Amino acid sequence: MARIEKSKPFVDTLELSDGEKDLQIEIKLDLNSVAHRYRPCQIALVEAEKLAEQNPNDPACLNAYGEAICSMFQLIFGEVNTEKIMEFYEDDYSTMLLDLMPYLAQTIVPALQAERERKISQAKHARRFL
């Protein structure tokens with residue numbers, strides 16, 4: 008009998024605190040699904056950030072930067088949790104990004120990379136039998 012296990016989602020809890028209020032975010036990601044959309048979001052965020060830095064008084068550039076941050080967070084945290092995070096940070100996108108980027112870089116990105124490597128290994132193994 009062959010046994011095949013379905014890929015498990017990435018599950019984590021993120022706790023935010025500012026000394027006065029606390030917020031707990033439950034994260035459940037299908038890494039395979041997120042992996043395909045993460046890189047375009049990351050590129051859009053970097054490009055929007057550069058434009059906002061070059062044009063700090065241009066509302067369109069600042070708006071595009073805010074939208075890029077929201078897109079990244081919605082991908083990782085989901086729409087409902089992103090709204091909660093934005094409320095927690097009182098729509099201060101820059102502080103929100105600075106506080107949460109280490110979590111993305113140290114936790115989410117390595118999980119995405121590990122999933123990618125696992126899928127590549129699976130594909131190589133499967134090709135041997137075709």
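The letter at position 66 of the sequence shown is residue 73 when you use my numbering, and the numbering goes up by one with no holes.
C-beta: ideal position from N, C-alpha, C; glycine also.
Since this is a predicted model, take the numbers as computed values, not measurements.
Nearest to residue i by alpha carbon, out of the options?
i, options, result
"Gly26", "Tyr96, Glu124, Arg125, Leu119", "Tyr96"
"Ser40", "Glu122, Tyr110, Asn64, Thr102", "Glu122"
"Ser14", "Glu56, Gln113, Lys126, Thr114", "Lys126"
"Leu23", "Ala71, Asp65, Thr89, Gln61", "Thr89"
Excluding the 5 residues flanking residue i on each side, which residues of the same chain have their C-beta closer than 7 angstroms to its C-beta?
i, result
"Tyr45", "Leu82, Leu119"
"Glu110", "Just to set this straight, residue 110 is Tyr in the shown sequence, not Glu. The answer, listed in chain order, is Leu21."
In its own chain, which residues sit with a C-beta less than 8 angstroms from the C-beta of residue i, not counting the 5 before and 5 after it?
i, result
"Pro16", "Lys35, Leu36, Asp37, Leu38"
Beta carbon of residue i, beta carbon of residue j: below 7 angstroms?
i, j, result
"Ile32", "Leu21", "yes"
Do you know how far the Cα of residue j is from the Cα of residue i?
i, j, result
"Glu86", "Phe80", "8 angstroms"
"Cys77", "Ala9", "43 angstroms"
"Glu56", "Ala133", "41 angstroms"
"Ile50", "Ala59", "14 angstroms"
"Asn70", "Glu54", "13 angstroms"
Provide the residue span of the beta strand (DSSP E) that contains residue i, from first to last.
i, result
"Glu22", "17–24"
"Asp29", "29–36"
What residues in its chain sit with their C-beta under 6 angstroms from that of residue i, if we drop five residues either side in the sequence?
i, result
"Met103", "Tyr96"
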